[in-house]
Amino acid sequence: MDKLVNFLHFFRLPLLLLLLLALICSMSHHGHVAASKSTVEYLPGFQGRLPFYLETGYIGVGEAAGLFYYFVKSEGNPEADPLLLWLTGGPGCSGLTGLALEIGPIKFNESLPTLILNPFSWTKFSSIIFLDLPAGTGFSYTTNPSLADHPSDHVQVSQAAEFIRKGIPTQALLFHPLSNDFPLGYILGNPGTSGEFDKNARIPSAHGMALISDELYESLHKSCKGEYHIVDPTNLECKNNLEAFYECLSGINMFNPLDPQCILHQMPVEIAALRRRRRRRLLQDESRLLSTIDPPELDCKYDINLLCKHWANDELVQKALHIRKPGFELSIAPSWRIGDHGTLEAKLQGRFAYPSD
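Here the sequence shown stands for residues -26 to -1, 1 to 331, where the numbers follow mature numbering (1 follows the signal peptide of the UniProt record, and there is no 0).
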(Lines of atoms letter the chains of each structure in order from A and count residues from 1; the text may use other names and numbers.)
(Lines give C-alpha, C1' and ligand atoms only; values in the text may rest on other atoms or scores of the structure.)
Protein backbone atom coordinates (compact mmCIF):
# COMPACT_ATOMS: atom_id res chain seq x y z
CA MET A 1 0.00 0.00 0.00
CA ASP A 2 2.80 2.38 0.93
CA LYS A 3 4.45 1.65 -2.40
CA LEU A 4 1.21 2.50 -4.20
CA VAL A 5 0.90 5.80 -2.29
CA ASN A 6 4.51 6.70 -3.07
CA PHE A 7 3.93 5.77 -6.73
CA LEU A 8 0.88 8.02 -6.97
CA HIS A 9 2.66 10.85 -5.14
CA PHE A 10 5.65 10.52 -7.46
CA PHE A 11 3.52 10.78 -10.57
CA ARG A 12 0.97 13.32 -9.27
CA LEU A 13 2.76 16.40 -10.61
CA PRO A 14 3.40 14.93 -14.07
CA LEU A 15 -0.22 13.80 -14.25
CA LEU A 16 -1.44 17.27 -13.30
CA LEU A 17 0.83 18.80 -15.92
CA LEU A 18 -0.52 16.41 -18.53
CA LEU A 19 -4.09 17.32 -17.58
CA LEU A 20 -3.23 21.03 -17.76
CA LEU A 21 -1.58 20.55 -21.14
CA ALA A 22 -4.63 18.68 -22.42
CA LEU A 23 -6.87 21.50 -21.16
CA ILE A 24 -4.74 24.14 -22.89
CA CYS A 25 -4.75 22.17 -26.13
CA SER A 26 -8.51 21.80 -25.91
CA MET A 27 -8.93 25.53 -25.35
CA SER A 28 -6.63 26.34 -28.23
CA HIS A 29 -8.69 24.25 -30.61
CA HIS A 30 -11.88 26.02 -29.60
CA GLY A 31 -10.80 29.61 -29.07
CA HIS A 32 -7.52 30.28 -30.84
CA VAL A 33 -6.12 30.13 -34.35
CA ALA A 34 -3.44 27.47 -34.81
CA ALA A 35 -0.05 28.43 -36.22
CA SER A 36 1.40 26.90 -39.36
CA LYS A 37 4.43 27.36 -41.59
CA SER A 38 5.61 25.96 -44.92
CA THR A 39 8.65 26.29 -47.16
CA VAL A 40 7.82 27.45 -50.70
CA GLU A 41 10.20 26.18 -53.38
CA TYR A 42 8.14 26.80 -56.52
CA LEU A 43 5.70 29.54 -57.53
CA PRO A 44 3.37 29.53 -60.55
CA GLY A 45 4.76 31.95 -63.12
CA PHE A 46 8.40 31.58 -62.04
CA GLN A 47 10.64 29.33 -64.10
CA GLY A 48 12.28 26.64 -61.96
CA ARG A 49 13.03 26.45 -58.27
CA LEU A 50 13.15 29.70 -56.31
CA PRO A 51 16.82 30.67 -55.78
CA PHE A 52 16.06 32.07 -52.32
CA TYR A 53 14.48 30.77 -49.10
CA LEU A 54 10.77 31.63 -48.89
CA GLU A 55 8.60 30.62 -45.96
CA THR A 56 4.89 31.37 -45.58
CA GLY A 57 2.62 30.72 -42.66
CA TYR A 58 -0.06 31.79 -40.23
CA ILE A 59 0.33 32.98 -36.65
CA GLY A 60 -2.69 33.15 -34.38
CA VAL A 61 -3.17 36.43 -32.55
CA GLY A 62 -5.90 37.16 -30.06
CA GLU A 63 -8.69 34.62 -30.03
CA ALA A 64 -10.02 34.98 -33.54
CA ALA A 65 -7.33 36.13 -35.96
CA GLY A 66 -4.69 34.46 -38.11
CA LEU A 67 -1.94 36.69 -39.55
CA PHE A 68 -0.33 35.54 -42.79
CA TYR A 69 3.33 36.25 -43.47
CA TYR A 70 6.01 35.79 -46.12
CA PHE A 71 9.56 35.34 -44.81
CA VAL A 72 12.55 35.66 -47.14
CA LYS A 73 15.98 34.86 -45.75
CA SER A 74 18.82 37.19 -46.71
CA GLU A 75 20.61 36.17 -49.90
CA GLY A 76 23.80 37.70 -48.51
CA ASN A 77 24.94 36.77 -45.01
CA PRO A 78 21.87 35.80 -42.95
CA GLU A 79 23.93 35.41 -39.78
CA ALA A 80 25.08 39.03 -39.88
CA ASP A 81 22.47 40.83 -42.01
CA PRO A 82 19.59 42.66 -40.30
CA LEU A 83 16.06 41.32 -39.94
CA LEU A 84 13.33 43.65 -41.24
CA LEU A 85 9.60 43.45 -40.52
CA TRP A 86 7.87 45.09 -43.51
CA LEU A 87 4.37 46.52 -43.01
CA THR A 88 2.76 47.97 -46.12
CA GLY A 89 0.80 51.10 -45.30
CA GLY A 90 -2.91 51.60 -45.44
CA PRO A 91 -3.80 49.96 -43.12
CA GLY A 92 -5.26 47.15 -45.19
CA CYS A 93 -2.55 46.67 -47.83
CA SER A 94 -1.23 43.18 -48.46
CA GLY A 95 2.38 42.29 -47.70
CA LEU A 96 2.41 40.80 -51.20
CA THR A 97 2.90 44.32 -52.56
CA GLY A 98 6.19 44.55 -50.68
CA LEU A 99 7.24 41.07 -51.79
CA ALA A 100 6.42 41.36 -55.51
CA LEU A 101 5.91 45.06 -56.28
CA GLU A 102 8.41 46.93 -54.13
CA ILE A 103 11.49 45.55 -52.33
CA GLY A 104 11.16 41.76 -52.54
CA PRO A 105 13.21 39.25 -54.55
CA ILE A 106 10.59 38.74 -57.28
CA LYS A 107 8.59 41.03 -59.52
CA PHE A 108 6.09 40.82 -62.35
CA ASN A 109 7.45 41.28 -65.86
CA GLU A 110 4.80 43.97 -66.48
CA SER A 111 3.21 42.28 -69.50
CA LEU A 112 2.21 38.79 -68.39
CA PRO A 113 1.39 37.40 -64.93
CA THR A 114 4.79 35.72 -64.74
CA LEU A 115 7.56 36.36 -62.26
CA ILE A 116 11.21 37.28 -62.69
CA LEU A 117 13.96 38.09 -60.21
CA ASN A 118 14.28 41.62 -58.88
CA PRO A 119 17.96 42.66 -59.17
CA PHE A 120 17.40 45.47 -56.65
CA SER A 121 15.79 43.37 -53.91
CA TRP A 122 16.48 44.39 -50.32
CA THR A 123 16.77 40.70 -49.48
CA LYS A 124 20.26 40.80 -50.96
CA PHE A 125 21.40 42.38 -47.69
CA SER A 126 18.61 41.67 -45.18
CA SER A 127 16.11 39.03 -44.13
CA ILE A 128 12.55 40.35 -44.47
CA ILE A 129 9.16 39.38 -43.07
CA PHE A 130 6.28 40.73 -45.18
CA LEU A 131 3.18 40.72 -42.98
CA ASP A 132 -0.50 40.99 -43.90
CA LEU A 133 -1.64 43.32 -41.11
CA PRO A 134 -4.19 43.83 -39.58
CA ALA A 135 -6.36 40.70 -39.66
CA GLY A 136 -8.61 40.87 -42.71
CA THR A 137 -5.76 42.19 -44.87
CA GLY A 138 -4.41 40.09 -47.74
CA PHE A 139 -4.49 36.43 -46.73
CA SER A 140 -4.79 37.18 -43.02
CA TYR A 141 -8.24 36.51 -41.66
CA THR A 142 -10.44 36.73 -38.60
CA THR A 143 -13.51 34.86 -37.44
CA ASN A 144 -14.70 38.06 -35.74
CA PRO A 145 -16.26 40.25 -38.48
CA SER A 146 -16.09 43.38 -36.32
CA LEU A 147 -12.27 43.24 -36.33
CA ALA A 148 -12.18 43.27 -40.12
CA ASP A 149 -14.98 45.80 -40.60
CA HIS A 150 -13.80 48.25 -37.93
CA PRO A 151 -10.00 48.08 -37.64
CA SER A 152 -8.26 50.49 -35.30
CA ASP A 153 -4.71 51.56 -34.53
CA HIS A 154 -4.97 49.82 -31.15
CA VAL A 155 -6.00 46.51 -32.73
CA GLN A 156 -3.32 46.77 -35.40
CA VAL A 157 -0.55 47.55 -32.92
CA SER A 158 -1.61 44.82 -30.50
CA GLN A 159 -1.73 42.26 -33.32
CA ALA A 160 1.72 43.32 -34.55
CA ALA A 161 3.17 43.12 -31.03
CA GLU A 162 1.75 39.63 -30.49
CA PHE A 163 3.08 38.51 -33.86
CA ILE A 164 6.56 39.72 -32.93
CA ARG A 165 6.42 37.98 -29.54
CA LYS A 166 5.31 34.61 -30.82
CA GLY A 167 5.47 34.62 -34.59
CA ILE A 168 8.94 35.60 -35.78
CA PRO A 169 9.80 32.68 -38.11
CA THR A 170 12.17 30.05 -36.71
CA GLN A 171 14.67 30.61 -39.51
CA ALA A 172 14.88 34.29 -38.57
CA LEU A 173 15.30 33.57 -34.86
CA LEU A 174 18.25 31.29 -35.58
CA PHE A 175 20.23 34.38 -36.52
CA HIS A 176 18.32 37.15 -34.73
CA PRO A 177 17.22 36.08 -31.21
CA LEU A 178 14.86 38.61 -29.63
CA SER A 179 16.47 40.72 -26.91
CA ASN A 180 16.11 44.06 -25.20
CA ASP A 181 17.79 45.61 -28.22
CA PHE A 182 14.98 44.51 -30.58
CA PRO A 183 14.01 46.44 -32.59
CA LEU A 184 17.02 48.66 -33.26
CA GLY A 185 15.35 51.14 -35.58
CA TYR A 186 12.76 51.75 -38.24
CA ILE A 187 12.41 53.23 -41.71
CA LEU A 188 9.45 54.93 -43.36
CA GLY A 189 8.84 54.81 -47.10
CA ASN A 190 7.03 57.86 -48.46
CA PRO A 191 5.29 58.23 -45.09
CA GLY A 192 2.23 60.24 -44.26
CA THR A 193 2.92 62.34 -41.17
CA SER A 194 0.13 64.89 -40.85
CA GLY A 195 -2.24 66.33 -43.41
CA GLU A 196 -1.12 69.92 -42.86
CA PHE A 197 2.61 69.14 -42.89
CA ASP A 198 2.44 66.92 -45.98
CA LYS A 199 0.33 69.33 -48.02
CA ASN A 200 2.53 72.27 -47.11
CA ALA A 201 5.54 70.25 -48.28
CA ARG A 202 4.19 69.82 -51.82
CA ILE A 203 5.42 73.17 -53.08
CA PRO A 204 9.01 72.94 -51.72
CA SER A 205 9.09 69.36 -53.02
CA ALA A 206 7.94 70.38 -56.50
CA HIS A 207 10.49 73.19 -56.55
CA GLY A 208 13.25 70.82 -55.45
CA MET A 209 12.42 68.55 -58.41
CA ALA A 210 12.46 71.55 -60.80
CA LEU A 211 8.76 71.12 -61.60
CA ILE A 212 8.07 74.82 -61.01
CA SER A 213 10.20 77.88 -61.69
CA ASP A 214 12.23 79.72 -59.08
CA GLU A 215 10.07 82.79 -59.71
CA LEU A 216 6.81 80.97 -58.96
CA TYR A 217 8.29 79.34 -55.88
CA GLU A 218 9.55 82.64 -54.49
CA SER A 219 6.21 84.30 -55.22
CA LEU A 220 4.35 81.49 -53.44
CA HIS A 221 6.68 81.59 -50.47
CA LYS A 222 6.37 85.36 -50.15
CA SER A 223 2.62 85.68 -50.65
CA CYS A 224 1.52 82.58 -48.68
CA LYS A 225 4.24 82.80 -46.00
CA GLY A 226 4.78 79.03 -46.07
CA GLU A 227 1.11 78.16 -45.47
CA TYR A 228 -0.27 76.48 -48.59
CA HIS A 229 -2.89 74.20 -47.06
CA ILE A 230 -5.20 76.48 -45.06
CA VAL A 231 -5.13 79.78 -46.95
CA ASP A 232 -6.68 83.07 -45.91
CA PRO A 233 -9.52 83.59 -48.44
CA THR A 234 -8.78 87.32 -48.52
CA ASN A 235 -5.16 86.70 -49.61
CA LEU A 236 -5.83 86.93 -53.34
CA GLU A 237 -2.15 86.97 -54.33
CA CYS A 238 -1.54 83.67 -52.55
CA LYS A 239 -4.68 82.11 -54.09
CA ASN A 240 -3.66 83.19 -57.59
CA ASN A 241 -0.17 81.77 -57.12
CA LEU A 242 -1.61 78.48 -55.87
CA GLU A 243 -3.86 78.27 -58.93
CA ALA A 244 -0.81 78.77 -61.14
CA PHE A 245 1.02 76.06 -59.20
CA TYR A 246 -1.74 73.45 -59.59
CA GLU A 247 -2.16 74.34 -63.26
CA CYS A 248 1.59 73.75 -63.77
CA LEU A 249 1.36 70.32 -62.17
CA SER A 250 -2.02 69.28 -63.59
CA GLY A 251 -0.46 66.80 -66.04
CA ILE A 252 2.32 65.55 -63.78
CA ASN A 253 2.30 62.44 -61.63
CA MET A 254 3.35 63.82 -58.27
CA PHE A 255 4.28 60.38 -56.92
CA ASN A 256 6.79 59.86 -59.73
CA PRO A 257 7.18 62.66 -62.30
CA LEU A 258 8.79 60.18 -64.72
CA ASP A 259 5.57 58.14 -64.91
CA PRO A 260 2.49 59.22 -66.90
CA GLN A 261 -0.40 60.81 -65.07
CA CYS A 262 -2.95 58.04 -65.42
CA ILE A 263 -4.78 57.65 -62.11
CA LEU A 264 -8.33 56.66 -62.99
CA HIS A 265 -10.17 59.05 -60.72
CA GLN A 266 -8.29 61.99 -62.26
CA MET A 267 -9.20 61.03 -65.85
CA PRO A 268 -12.24 62.07 -67.86
CA VAL A 269 -15.08 59.60 -67.21
CA GLU A 270 -15.09 58.28 -70.79
CA ILE A 271 -11.34 57.54 -70.86
CA ALA A 272 -11.43 55.92 -67.44
CA ALA A 273 -14.32 53.68 -68.51
CA LEU A 274 -12.46 52.61 -71.66
CA ARG A 275 -9.37 51.76 -69.65
CA ARG A 276 -11.40 49.72 -67.18
CA ARG A 277 -13.05 47.73 -69.97
CA ARG A 278 -9.66 47.16 -71.63
CA ARG A 279 -8.14 45.93 -68.38
CA ARG A 280 -11.12 43.68 -67.68
CA ARG A 281 -10.88 42.02 -71.10
CA LEU A 282 -7.15 41.58 -70.66
CA LEU A 283 -7.41 39.94 -67.26
CA GLN A 284 -10.40 37.75 -68.09
CA ASP A 285 -8.67 36.21 -71.10
CA GLU A 286 -6.43 33.83 -69.17
CA SER A 287 -5.43 31.90 -72.26
CA ARG A 288 -3.84 35.02 -73.73
CA LEU A 289 -2.18 35.93 -70.47
CA LEU A 290 -0.55 32.53 -70.14
CA SER A 291 0.34 32.12 -73.82
CA THR A 292 3.59 33.07 -75.53
CA ILE A 293 1.85 35.93 -77.37
CA ASP A 294 2.28 39.21 -75.57
CA PRO A 295 -0.99 41.01 -74.83
CA PRO A 296 -1.23 44.77 -75.29
CA GLU A 297 1.10 46.54 -72.88
CA LEU A 298 -0.36 48.07 -69.76
CA ASP A 299 0.13 51.81 -70.02
CA CYS A 300 0.08 52.72 -66.34
CA LYS A 301 2.54 51.64 -63.73
CA TYR A 302 -0.44 51.15 -61.43
CA ASP A 303 -1.85 48.54 -63.82
CA ILE A 304 0.71 46.09 -62.44
CA ASN A 305 -1.50 45.91 -59.34
CA LEU A 306 -4.14 44.22 -61.49
CA LEU A 307 -1.69 41.58 -62.66
CA CYS A 308 -0.64 41.03 -59.05
CA LYS A 309 -4.25 40.61 -57.92
CA HIS A 310 -5.00 38.29 -60.84
CA TRP A 311 -1.97 36.14 -59.99
CA ALA A 312 -2.63 36.02 -56.24
CA ASN A 313 -6.25 34.95 -56.69
CA ASP A 314 -5.29 31.99 -58.87
CA GLU A 315 -6.06 28.65 -57.21
CA LEU A 316 -2.64 27.17 -58.03
CA VAL A 317 -0.87 30.21 -56.59
CA GLN A 318 -2.84 30.02 -53.35
CA LYS A 319 -2.05 26.32 -53.11
CA ALA A 320 1.67 27.01 -53.62
CA LEU A 321 1.59 29.70 -50.92
CA HIS A 322 -0.26 27.32 -48.56
CA ILE A 323 -3.20 29.66 -48.12
CA ARG A 324 -5.45 28.30 -45.40
CA LYS A 325 -8.69 29.12 -47.21
CA PRO A 326 -8.46 28.20 -50.93
CA GLY A 327 -10.38 30.61 -53.11
CA PHE A 328 -9.63 33.50 -50.75
CA GLU A 329 -10.22 36.79 -52.61
CA LEU A 330 -7.20 39.05 -52.19
CA SER A 331 -7.32 42.73 -53.10
CA ILE A 332 -4.41 45.12 -53.56
CA ALA A 333 -5.06 48.36 -51.68
CA PRO A 334 -3.28 51.71 -52.05
CA SER A 335 -0.73 52.64 -49.41
CA TRP A 336 -2.20 55.60 -47.57
CA ARG A 337 -1.53 56.19 -43.91
CA ILE A 338 -1.30 59.18 -41.62
CA GLY A 339 0.24 58.26 -38.29
CA ASP A 340 2.34 59.51 -35.41
CA HIS A 341 5.77 57.97 -34.94
CA GLY A 342 7.09 60.51 -32.44
CA THR A 343 6.96 58.07 -29.52
CA LEU A 344 9.12 55.59 -31.40
CA GLU A 345 11.71 58.23 -32.21
CA ALA A 346 12.61 58.62 -28.55
CA LYS A 347 13.18 54.89 -28.04
CA LEU A 348 14.77 53.50 -31.20
CA GLN A 349 18.40 53.96 -32.11
CA GLY A 350 17.99 54.37 -35.87
CA ARG A 351 15.27 55.96 -37.96
CA PHE A 352 15.15 56.96 -41.60
CA ALA A 353 12.37 58.33 -43.79
CA TYR A 354 12.73 58.23 -47.56
CA PRO A 355 10.49 59.28 -50.47
CA SER A 356 9.21 56.63 -52.85
CA ASP A 357 6.65 56.30 -55.64
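Every residue gets a Cβ at the ideal spot worked out from N, C-alpha and C, and that includes glycine.
- The three-state reading of DSSP puts residue 81 in strand, counting E and B together.
- Here residue 93 is exposed, its C-beta having fewer than 16 other C-beta atoms within 10 Å.
- With 16 or more other Cβ atoms from the protein chains shown falling within 10 Å of its own Cβ, residue 42 counts as buried.
- The alpha carbon of residue 105 has as its nearest neighbour, out of 98, 59, 294, the alpha carbon of 59.
- Around the C-beta of residue 29, 16 or more other C-beta atoms lie within 10 Å, and the residue is accordingly described as buried.
- Of 299, 298, 294, the smallest CA-CA separation from residue 20 is found for 294.
- For residue 206, the CB contacts under 8 Å within the same chain, skipping 5 residues up- and downstream, are 212 in chain order.
- Here the alpha carbon of residue 164 sits roughly 15 Å from the alpha carbon of residue 231.
- Linking residue 114 to residue 52 through their CA atoms gives a straight-line distance of about 27 Å.
- Here residue 60 is bridged, per DSSP, to 104.
- Taking a contact as a CB-CB distance under 8 Å, the pair residue 35 and residue 24 does not count as one, their CB atoms being some 28 Å apart.
- Judged by DSSP in its simplified three-state form, residue 173 adopts helix.
- Looking only at 100, 77, 220, the smallest Cα-Cα distance to residue 49 is reached by 100.
- Taking C-beta atoms under 8 Å as the contact rule, residue 27 and residue 47 qualify, at a distance of about 4 Å.
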